[in-house]
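Trainee:
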């Protein structure tokens, strides 16, 4: 799937038989035929890819000043890119600011809570944001002895709160290890 998307970007070079491309522009993503995406095994994601690109193009994503381009975020980025930055350094970002970013992400077609939380954790480096998927849900029910029957909005929030209790400002990082261990069928205990 990733190789197909890259093939829609601009060709950069070829090395040892491998072709390298830039990631495609929004316009390139929007112009992809939905059948091409389906043939390349994108499944339910096909429509979201095109709808997301369309939304970002129609809302002048690169032209308007949004919460993603705020001075606060740029300052956070500078801190993380600094050679002197260590994971122990405190970065004060208000809970409201994080919520605003998350809420803006959720407005984009195809982005729900989990994907927005993944973007916040891995893209914005909000290490306390814990995305909840089925693997984390199952682990949480067993480990925290929740009596949940499903993963609804309320339970999603309760699991995130429990992660913050146990793992604090690094609950997103803990989630990554738990997620990986669940894929490897290993049981991590706390």
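Numbering (the UniProt record's numbering), first residue to last: 1 to 190. Beta carbons are placed, not taken as given, at the ideal position from N, Cα and C, and that holds for glycine. Fair warning: this is a prediction, and the values are worked out from it, not measured in the lab.
1) With a 10 Å radius around its C-beta and 16 neighbouring C-beta atoms as the bar for buried, classify residue 121 as buried or exposed.
2) Looking only at its own chain, which residues have a Cβ that is under 7 Å from the Cβ of residue 37, when we skip the five neighbours before and after it?
3) For residue 58, I'd like the list of residues in its chain whose CB is within less than 7 Å of its CB, leaving aside the five on either flank, ordered along the chain.
4) Between residue 20 and residue 2, what straight-line distance do the alpha-carbon atoms span, to the nearest angstrom?
5) Take residue 5 as the anchor and find which of 53, 17, 15, 16 has the nearest alpha-carbon.
6) Quick check: what's the CA-CA separation for residue 192 versus residue 161?
7) For residue 35, collect the residues of the same chain with a Cβ closer than 8 Å to its Cβ; drop the 5 residues on either side in sequence, then sort them by chain order.
8) If you draw a straight line from the alpha carbon of residue 118 to that of residue 186, how long is it in whole angstroms?
Mentor: Concretely, from the data shown:
1) On the chain shown, residue 121 is found 121 positions in, with the first residue counted as 1. Buried.
2) For the purposes of this step, residue 37 is taken as the residue at position 37 of the chain shown. Once the five neighbours on either side are set aside, the close Cβ partners of residue 37 are 46, 49.
3) Walking along the chain shown from the start, residue 58 turns up at place 58. Excluding sequence positions up to five before and after residue 58, its CB lies less than 7 Å from no other CB in the same chain.
4) For the purposes of this step, residue 20 is taken as the residue at position 20 of the chain shown. For the purposes of this step, residue 2 is taken as the residue at position 2 of the chain shown. The alpha-carbon atoms of residue 20 and residue 2 are separated by roughly 12 Å.
5) As a first step, residue 5 is located in the chain shown; it is residue number 5 there, counting from the start. Nearest C-alpha to residue 5: 53.
6) Outside the displayed range of the chain (1 to 190) lies residue 192, so it cannot be described from this structure.
7) Taking the chain shown and counting its residues from 1, one reaches residue 35 at position 35. If we look at residue 35 and ignore the five residues flanking it on each side, it has no Cβ neighbours.
8) Within the chain shown, numbered from 1, the residue matching residue 118 stands at position 118. Within the chain shown, numbered from 1, the residue matching residue 186 stands at position 186. If you take the alpha carbons of residue 118 and residue 186, they lie about 22 Å apart.
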